[in-house]
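Accompanying notes for the structure given below.
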Amino acid sequence: MTPGQPQGGEPVPLLQHLYDSPFLLLVAGVAIMFIFFTGWGLYEILSLPPAPLP
Amino acid sequence: MSAGTIAAAAGLFRTCPVTKLKVHRDAELLVKVNAVAAVLAFTVGVSAAILLVLTRWQAVHLLPADWYYRLVTAHGLNMLIFFIIFFEMAILYFAGAIMLNSRVPTPWLAWLSFGLMAVGALLVDYLVFTGRADVLFTSYPPLRAHPLYYLGIILFAVGALVVTGLFFACLVVARREKTYEGSMPLVVFGALTAAIISVVTLVHGAIIYIPTFLWSLDLEIFGWKANVDAQVYRMIWWALGHSSQQINVAAMVSVWYLLGGITVGAVVINEKISRTAFVLYILFINLASAHHLLVDPGFGPGWKIWNTSYFMYLAVLASMIHGFTVPAGVEVGQRLNGFVKGTFEWLRKAPWSDPGFSGMFLSLIIFGFLGGVTGVTIGTEQISIIAHNTLRVPGHFHTTVVGGTALAFMALTYYVIPLIFRREVIWLKLARYQPYLFGGGVTLFAVSMIVAGMFGVPRRHYDISFTNALFKVEYPPGADLALAFLALGGIVAFLGGLLYILITVGSVFFGTPLTEERLQKGLASVPQGILRLPPQERKEESHYAPGTVILVFVFLAVFAIYYFTNWKMLSQVWQIG
Chain A
279 MTPGQPQGGE
289 PVPLLQHLYD
299 SPFLLLVAGV
309 AIMFIFFTGW
319 GLYEILSLPP
329 APLP
Chain B
451 MSAGTIAAAA
461 GLFRTCPVTK
471 LKVHRDAELL
481 VKVNAVAAVL
491 AFTVGVSAAI
501 LLVLTRWQAV
511 HLLPADWYYR
521 LVTAHGLNML
531 IFFIIFFEMA
541 ILYFAGAIML
551 NSRVPTPWLA
561 WLSFGLMAVG
571 ALLVDYLVFT
581 GRADVLFTSY
591 PPLRAHPLYY
601 LGIILFAVGA
611 LVVTGLFFAC
621 LVVARREKTY
631 EGSMPLVVFG
641 ALTAAIISVV
651 TLVHGAIIYI
661 PTFLWSLDLE
671 IFGWKANVDA
681 QVYRMIWWAL
691 GHSSQQINVA
701 AMVSVWYLLG
711 GITVGAVVIN
721 EKISRTAFVL
731 YILFINLASA
741 HHLLVDPGFG
751 PGWKIWNTSY
761 FMYLAVLASM
771 IHGFTVPAGV
781 EVGQRLNGFV
791 KGTFEWLRKA
801 PWSDPGFSGM
811 FLSLIIFGFL
821 GGVTGVTIGT
831 EQISIIAHNT
841 LRVPGHFHTT
851 VVGGTALAFM
861 ALTYYVIPLI
871 FRREVIWLKL
881 ARYQPYLFGG
891 GVTLFAVSMI
901 VAGMFGVPRR
911 HYDISFTNAL
921 FKVEYPPGAD
931 LALAFLALGG
941 IVAFLGGLLY
951 ILITVGSVFF
961 GTPLTEERLQ
971 KGLASVPQGI
981 LRLPPQERKE
991 ESHYAPGTVI
1001 LVFVFLAVFA
1011 IYYFTNWKML
1021 SQVWQIG
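First to last, the protein sequences are chains A and B.
First residue of the first sequence? That's 279 in the working numbering, and the numbers climb one at a time after it.
First residue of the second sequence? That's 451 in the working numbering, and the numbers climb one at a time after it.
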């Protein structure tokens, strides 16, 4: 359960920068959901042609 | 800073004698009230559950139709929303403030949000039990509840969203006040994952419940009448309904890591891999909300397959990573503890009489072998057509949410009682059996549900024989047998749940206060991890976990057999081959 501490003097890897940035992760998580699920889903529903009456 | 100010600040914290963590007293109190609220909601939910079980048992069929649907609504809301989310709020305060040696920055806001959640939950329960919200957990329009029902849920969701915001504030304060160095601990990172999923969930909740609330008021402004499109509602609602269960997954996995460390000194075998798995959850797990819309006509196959695949199964990969790293960490920890004989001595000689460990490990097994396997299978578009709206669906989610999350939370409770409430656990000997009773009951109950669902028994429906319908519905005799086993498993799980309530409530209100003296003398009635906290940091480095590798291959075999059996069943329905 030890925190992954950066080694002394070594540069912090790019991915670790991302993992250490809660707000970047938040934006990424929200964006993916709104783009692929909500946005695309709304587009699918709104672009449905009206069903012709029998 | 003056001496008086320092003294006042010092009074805000205490040092835990077991973990040596600096505990912010407000955070501790907030953990307590949220945990108590969770257990209260669990009590309501489990009371409804036993009556539902006795109704689902065809030979008994206890409740009249109106009370059946009312209690299905109450059970869903209290278990899936109130119990779980109150408990998760407690986890967020614990992880954000206590584990980081930090503090809740604005306690008054935390109390306000707890008030909002409590009022919201009480309002919803009042309206459900007085028969003004018989709309089931999903409340699909055109079913319409009393407007205050929707308002209650909005209040609860706003309160939870504020707590999530406070968790982020805790992270900022901890970073600024340098209460920890480097990256945040893995358990806190898991809680962060739960918090981010929670934001996605609650924002979707707001997007759909606010217009539904206006619709329920029959609101008309300047000729504009509030309305809700049924298909749009279903889509947005499931981004709340399903994603809320993904908060559970992230919180539960964090609890696995935490309990592994506290009970046997489990090792995180690779921090990067475990963190990456959490990030995959953040990015992709919510997309699985589309599972509920697989037979909806409003979406094309592209949207369905893309989303139900969790963006091509990356979130499933994450679960499989955790499913490996958690038991592997336990195995490595146990081997470092000296249990090195053969392949499975580490497992045989694990502290199975510690409800914290047994609950955690059973949760892991039930969630992985039953929940994961059944979920991925029925989430496949083609197979969904033979499982949709049958008892297979609740069978699946009772293995994930009840056998997985609820059991993990119960296991954690046995450590929360001494560490946070600072009480000894009453009936500790009986508590040792509680996870087995609850886990065993839930397993029998859920597997029976899945079997009954395979015979075509519908979910939710009060009268599965469709009395007076124009068509005749018959099930093979095996369906009745499965429903009887469902009842048997449900009763056993209920007893396990009841025992949990009695032990937790009894310990919190009547348990002996935990003193350092009794703790040091080994006299305290607390789980073994508290009496002898295993080493949390190891000097040796080891990744040797052959037993877990075997378990992983057993898992893959179970998954392959179940998955391909379902394709075979599908081919028989369609008379192909």
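Beta carbons: idealized from backbone N, C-alpha and C, even for Gly.
Nothing here was measured: the structure is a model prediction, and the numbers come from that model.
By the criterion of Cβ-Cβ separation under 7 Å, what are the contact partners of residue i in chain B?
i                  : result
Pro-300 of chain A : Phe-618, Leu-621, Leu-642
Leu-326 of chain A : Gly-748
Leu-292 of chain A : Ordered by position in chain B, no residue passes the 7 Å Cβ test against Leu-292 of chain A, which lies about 13 Å from the chain.
Cβ of residue i within 7 Å of Cβ of residue j?
i                   : j                  : result
Asn-698 of chain B  : Ile-534 of chain B : yes
Ser-693 of chain B  : Asn-736 of chain B : yes
Phe-859 of chain B  : Val-958 of chain B : no
Val-907 of chain B  : Leu-841 of chain B : yes
Leu-709 of chain B  : Phe-734 of chain B : no
Gly-806 of chain B  : Pro-977 of chain B : yes
Lys-722 of chain B  : Ala-740 of chain B : no
Ala-727 of chain B  : Tyr-760 of chain B : no
Val-494 of chain B  : Asn-528 of chain B : yes
Gly-1093 of chain B : Gly-773 of chain B : In the structure as shown, chain B begins at 451 and stops at 1027. Residue 1093 of chain B is therefore absent and cannot be evaluated.
Gly-595 of chain B  : Leu-652 of chain B : Here residue 595 of chain B turns out to be Ala, not Gly, going by the sequence shown. It is not a contact, given that the beta carbons lie outside the stated cut-off.
Leu-598 of chain B  : Leu-636 of chain B : no
Arg-997 of chain B  : Thr-849 of chain B : In the sequence on display, residue 997 of chain B carries Gly and not Arg. No, they are not a contact pair.
Leu-744 of chain B  : Glu-627 of chain B : no
To which residues of the same chain is residue i closer than 7 Å at the C-beta, ignoring the five residues directly before and after it?
i                   : result
Met-1019 of chain B : Ile-836
Leu-887 of chain B  : Val-942, Leu-945, Gly-946, Leu-949
Ile-686 of chain B  : His-654, Ile-657, Ile-658
Tyr-864 of chain B  : Pro-805, Gly-806, Val-875, Ala-881, Pro-977
Ala-902 of chain B  : Leu-841, Ala-929, Ala-932, Leu-933, Leu-936
Glu-795 of chain B  : Phe-789
With a threshold of 7 Å between beta carbons, is residue i in contact with chain A?
i                  : result
Trp-687 of chain B : no
Asn-757 of chain B : yes
Asn-698 of chain B : no
Val-682 of chain B : yes
Ser-633 of chain B : yes
Ile-541 of chain B : no
Ile-646 of chain B : yes
Gly-454 of chain B : Residue placement at Gly-454 of chain B is flagged as unreliable, the pLDDT there being 47, under the threshold of 50; the coordinate-derived value follows with that caveat. Chain A contact via Cβ: absent.
Mind listing the chain B neighbours of residue i? Cutoff is C-beta to C-beta under 8 Å, in chain order.
i                  : result
Glu-322 of chain A : Gly-748, Phe-749, Gly-750, Trp-753
Gly-317 of chain A : Result: empty, since nearest Cβ-Cβ is about 10 Å, beyond 8 Å.
In chain order, what residues of the same chain have a beta carbon less than 6 Å from the beta carbon of residue i, not counting five sequence neighbours either side?
i                  : result
Ala-701 of chain B : Glu-538, Ile-541, Ala-644
Gln-294 of chain A : none
Ile-980 of chain B : Val-468, Pro-868
Pro-332 of chain A : none
Ala-619 of chain B : Pro-555
Leu-303 of chain A : none
Ile-732 of chain B : Thr-643, Ile-646
For a contact meaning CB atoms closer than 7 Å, what does residue i contact in chain A?
i                  : result
Arg-626 of chain B : None at all; the shortest Cβ gap to chain A is about 13 Å.
Ala-740 of chain B : Phe-315
Arg-725 of chain B : Tyr-297
Val-613 of chain B : Chain A residues near Val-613 of chain B: none, gap ~15 Å exceeds 7 Å.
Val-678 of chain B : Ordered by position in chain A, no residue passes the 7 Å Cβ test against Val-678 of chain B, which lies about 13 Å from the chain.
Using beta carbons (cut-off 7 Å, strictly below), is residue i in contact with chain B?
i                  : result
Leu-331 of chain A : no
Ile-313 of chain A : no
Gln-283 of chain A : Residue placement at Gln-283 of chain A cannot be trusted, given a pLDDT of 49 that sits under 50; what the coordinates show is reported in the next sentence. Taking Cβ atoms only, chain B reaches closer than 7 Å to Gln-283 of chain A, which makes this a yes.
Met-279 of chain A : Any reading at Met-279 of chain A is ruled out, since the residue's pLDDT is 42, under 50, leaving its predicted position unreliable.
At 8 Å on the CB atoms, spell out the chain A contacts of residue i, in chain order.
i                  : result
Val-649 of chain B : Leu-304, Gly-307, Val-308
Leu-733 of chain B : Ala-306, Gly-307, Ile-310
Excluding five sequence neighbours on each side, which residues of the same chain lie with their C-beta closer than 8 Å to the C-beta of residue i?
i                   : result
Tyr-1012 of chain B : Val-823, Thr-824, Thr-827
Asn-551 of chain B  : Leu-471, Lys-472, Ala-624, Thr-629, Tyr-630
His-742 of chain B  : Arg-684, Trp-688, Gly-691, His-692
Leu-462 of chain B  : His-474, Arg-475, Asp-476, Arg-553
Arg-438 of chain B  : For chain B, the structure presents residues 451 to 1027; residue 438 of chain B sits outside this window and is missing.
Phe-1036 of chain B : Past the edges of chain B, shown from 451 to 1027, lies residue 1036 of chain B, and the structure says nothing about it.
I want to verify the contact list: residues of chain A whose CB lies under 9 Å from the CB of residue i, in sequence order.
i                  : result
Asn-787 of chain B : Within 9 Å Cβ-Cβ: nothing; Asn-787 of chain B doesn't reach chain A, min ~15 Å.
Leu-737 of chain B : Ile-310, Met-311, Phe-314, Phe-315
Val-780 of chain B : Chain A residues near Val-780 of chain B: none, gap ~13 Å exceeds 9 Å.
Output the residue ranges of the alpha helix (DSSP H) runs that lie fully inside the segment 807-831 of chain B and measure 4 residues or longer, sorted by chain position. 823-828
Could I get the ranges of all uninterrupted alpha helix (DSSP H) runs contained in the segment 695-767 of chain B, with 4 residues as the minimum, in chain order? 721-734, 751-758
Sequence ranges, alpha helix (DSSP H) only - wholly within the segment 862-902 of chain B, length at least 4: 878-881
Threshold first: 3 residues or longer. Then list the beta strand (DSSP E) segments lying entirely within the segment 464-520 of chain B, N to C. 472-474
Residue ranges of each alpha helix (DSSP H) within the segment 542-587 of chain B, 4 or longer: 557-579
Contained alpha helix (DSSP H) runs [length at least 4] in the segment 943-1024 of chain B, N- to C-terminal order: 966-970, 978-981, 996-1023
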